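Structure, as structure tokens:
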Amino acid sequence: MYLYNSATHKKEEFQTHTPGRVEMYTCGPTVYHFAHIGNLRSYIMEDVLEKFLRYEGYDVNRVMNITDVGHLTSDADEGEDKMLKGAKRENKSVMDIAKFYTDAFFADCEKLNIKVPEVVQPATGLIDEFITTVQGLLDKGFAYFAGGNVYFDTSKLDSYHVFHNHEEDALDVGVREGVEEDSNKRNKNDFVLWFTKSKFEDQALKWDSPWGVGYPGWHIECSCISMKFNGEYLDLHCGGIDNAFPHHTNEIAQSEAYLGHPWCKQWFHVAHLNTNSGKMSKSKGEFLTVSLLEEKGYDPIVYRFFCLQSHYRKGLVFSWENLDNATVAFQKLISRIAALKPDNGEVDGAVLAEYEDKFKSLVGNDLNTSMGVTALYDVLKAKTTDATKLAILASYDKVLSLSLLDKAAKVREEQAKAQTAKAAGGYTVTGEGDPAIDALVLARGEAKKAKNFAEADRIRDELKAMGVEVTDVPGGASWKKV
Ligand SMILES: [Zn+2]
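Sequential numbering from 0 applies to the sequence shown in numbering that gives the first Met the number 0.
Now the structure itself:
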């Protein structure tokens, strides 16, 4: 495949250190609050990338960290460690907060059909490794101890800026990181590897170290976790574009200084999800979560579909209207798939292979997921058996993960049920998808038709006791839970 590499600013042929195997790393969530759907856009696109690489035949080892030790970036305006802030807000311990929001993150991932990486490592579980690496950087002369903290010395590197073409002087780290200029630093791009002194004096989690009781800097956790589980050579590092600087720049600095050789081949950055008022963030405007989408009646998979319709390197504008449009398009697509008959003809292996190759070349052009979605409609129009079309759609869905065939099967099932009800006397029951309640509502309808009103009322009371409200509609009844 061809993939844009943000380190070289070029689209390049994807290559791996070990042929056939991809060592892939993803910056995981900071677990002090729910992920907003802007964060989840990155995880959706990274999931499609991983699945596409598998589709191409690669064996993928994907590693993700969980940031459960507070990190400093962008905390200046809050003046408090994020984890501790979350704990205070909810009157829980820091570790309870981390566990709760880690579980919530993976629950969201499941709803969005995002696969769990092979390795998920909370930062608090690898403190000894962080200390070893920091000590290694000190031993090699790439770090220094000042004012109680260990700093990485960026002046010891041949080059520091990878992702941005800024002149070094133009980089105002203090402002960019949202942290006041630290007078212990020898160079303004230097960053902390280990804190024993920070403005967050009441940091909840601290560990003993050769430099005093403290906690690791944020950047070091990703380098260490990747080096431990991906090995010394990383093929693909992923994250949201806001992590490119300083986080990823600093990851490269410390990993290459520690290893003594180039570290990561390709960098994959996903652009922001924007609202009409700008970049989505946790502190601004409506806090958009997967749960909120569900509360408003949206299928989370429609959000995935919405994300796939645009390119990962372009900013995407979220609005309820855009999500409504995606819902209509997705429902139409599903009903067209539902109209295909699984027992219509045999699967034509040659056609299947031809369409799979086409999909690989379309999506393999810098993960062009919108072309991948368009390809679904081409399949529906193809001149081949329904069985073949369904096989191709199932194949594409290994990458897109839109549950296309499951959803279509459900639509077919409901249509069959409605047909049966019609055949049973033209009385149709619509409800919230509970066959037991459907049967009761149908029995009530039959009792009414037979003028057995006592029985009809008895069933209505029974349903009422179950919290089900029945409304008579032309040709049947509908019910809902109240
Ligand atoms: Zn990271």
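We put the beta carbon where it would ideally sit given N, CA and C, even for glycine.
Being a predicted model, the structure only gives us computed values, none of them experimental.
key: Anticipated Cβ contact below 8 Å, F228 with V62, distance rounded   = Along the sequence shown, read from residue 1 onward, the residue named residue 228 stands at position 229. Along the sequence shown, read from residue 1 onward, the residue named residue 62 stands at position 63. Indeed they touch by this definition, with Cβ atoms about 4 Å apart.
message = Our contact map puts Y257 next to L192 with C-beta atoms below 8 Å; I'd like the distance itself, whole angstroms only.
response = Start at 1 with the first residue of the sequence shown, and residue 257 comes out as number 258. Start at 1 with the first residue of the sequence shown, and residue 192 comes out as number 193. That pair is no contact at about 10 Å.
query = Given that a residue counts as buried once 16 or more other Cβ atoms are within 10 Å of its Cβ, and exposed if not, what is E167?
reply = For the purposes of this step, residue 167 is identified with residue 168 of the sequence shown, where counting begins at 1. Reliability of the predicted coordinates at E167 is poor, the pLDDT of 46 falling under 50, and the value obtained from them is presented with this limitation in mind. Exposed is the label assigned to E167, since fewer than 16 other Cβ atoms lie within 10 Å of its Cβ.
inquiry  = Quick check on this structure: which residue in K84, A386, P121, E355 has the alpha carbon closest to the alpha carbon of G371?
reply    = One-based indexing of the sequence shown puts residue 371 at position 372. Looking at the Cα atoms, E355 is the closest of the given residues.
request  = Run the CB neighbour count on T15, radius 10 Å, all protein chains shown included, and call it buried at 16 or more, exposed below.
outcome  = Start at 1 with the first residue of the sequence shown, and residue 15 comes out as number 16. Buried is the call here.
ask   = Whose C-alpha, out of L339, H260, K114, is nearest the C-alpha of E231?
value = For the purposes of this step, residue 231 is taken as the residue at position 232 of the sequence shown. With distances taken between CA atoms, E231 lies nearest to H260 out of L339, H260, K114.
query = For Y297 and chain C, any beta-carbon pair shorter than 8 Å?
reply = Among the chains of the structure shown, chain C does not appear; only one protein chain is present.
ask   = How would you label F524, buried or exposed, when you count the other beta carbons within 10 angstroms and need 16 or more for buried?
value = Missing from the structure shown is residue 524; the chain here goes from 0 to 481 and no further.
message = Can you look up H35 in the DSSP assignment and give me helix, strand or coil?
response = Residue numbering aside, residue 35 sits at position 36 when the sequence shown is read from its first letter. The answer is coil: DSSP assigns H35 none of H, G, I, E or B.
Any alpha helix (DSSP H) of 4 or more consecutive residues that is wholly inside the segment 122-164 = Runs of the alpha helix (DSSP H) inside the segment 122-164: 126-138.
request  = Determine the contact status of C108 and G238, defining contact as a CB-CB distance below 8 Å.
outcome  = Residue mapping note: residue 108 aligns to position 109 of the sequence shown, counting from 1. Residue mapping note: residue 238 aligns to position 239 of the sequence shown, counting from 1. The beta carbons of C108 and G238 sit no closer together than 8 Å.
ask   = Could you give the distance in angstroms between the alpha-carbon of T7 and the alpha-carbon of C223?
value = Walking along the sequence shown from the start, residue 7 turns up at place 8. Walking along the sequence shown from the start, residue 223 turns up at place 224. So the alpha carbons of these two residues sit roughly 24 Å apart.
Cα-Cα separation, E294 to K388 = Position 295 of the sequence shown, counted from the first residue, corresponds to residue 294. Position 389 of the sequence shown, counted from the first residue, corresponds to residue 388. For the pair E294 and K388, the Cα-to-Cα distance works out to about 34 Å.
inquiry  = Threshold first: 3 residues or longer. Then list the beta strand (DSSP E) segments lying entirely within the segment 427-451, N to C.
reply    = Fully enclosed beta strand (DSSP E) runs of 3 or longer: 427-429.
query = Is any heavy atom in ligand 1 found nearer than 7 Å to the beta carbon of N64?
reply = Residue numbering aside, residue 64 sits at position 65 when the sequence shown is read from its first letter. Yes, since a heavy atom of ligand 1 falls inside the 7 Å radius drawn around the Cβ of N64.
task = State the CB to CB distance for the pair Y1 and F13, rounded to an integer number of angstroms; the pair is presumed to be in contact (CB under 8 Å).
result = Taking the first residue of the sequence shown as position 1, residue 1 is located at position 2. Taking the first residue of the sequence shown as position 1, residue 13 is located at position 14. Yes, they are in contact, since the Cβ atoms of Y1 and F13 sit about 7 Å apart, within 8 Å.
Reduced DSSP category for H268 - H, G, I as helix; E, B as strand; rest coil = Locating residue 268 in the sequence shown gives position 269, counting from the first residue. In the structure shown, H268 adopts extended strand secondary structure according to DSSP, grouped into three states.
Proximity winner among E412, L403, T153, relative to F304 (alpha-carbon distances) = Within the sequence shown, residue 304 is the residue found at index 305, counting from 1. Of the residues E412, L403, T153, the one whose Cα lies closest to the Cα of F304 is L403.
key: 8 Å CB neighbourhood of S182 in its chain, flanking five on each side removed   = Numbered from 1 along the sequence shown, position 183 holds the residue referred to as residue 182. Cβ within range, chain order: G146.
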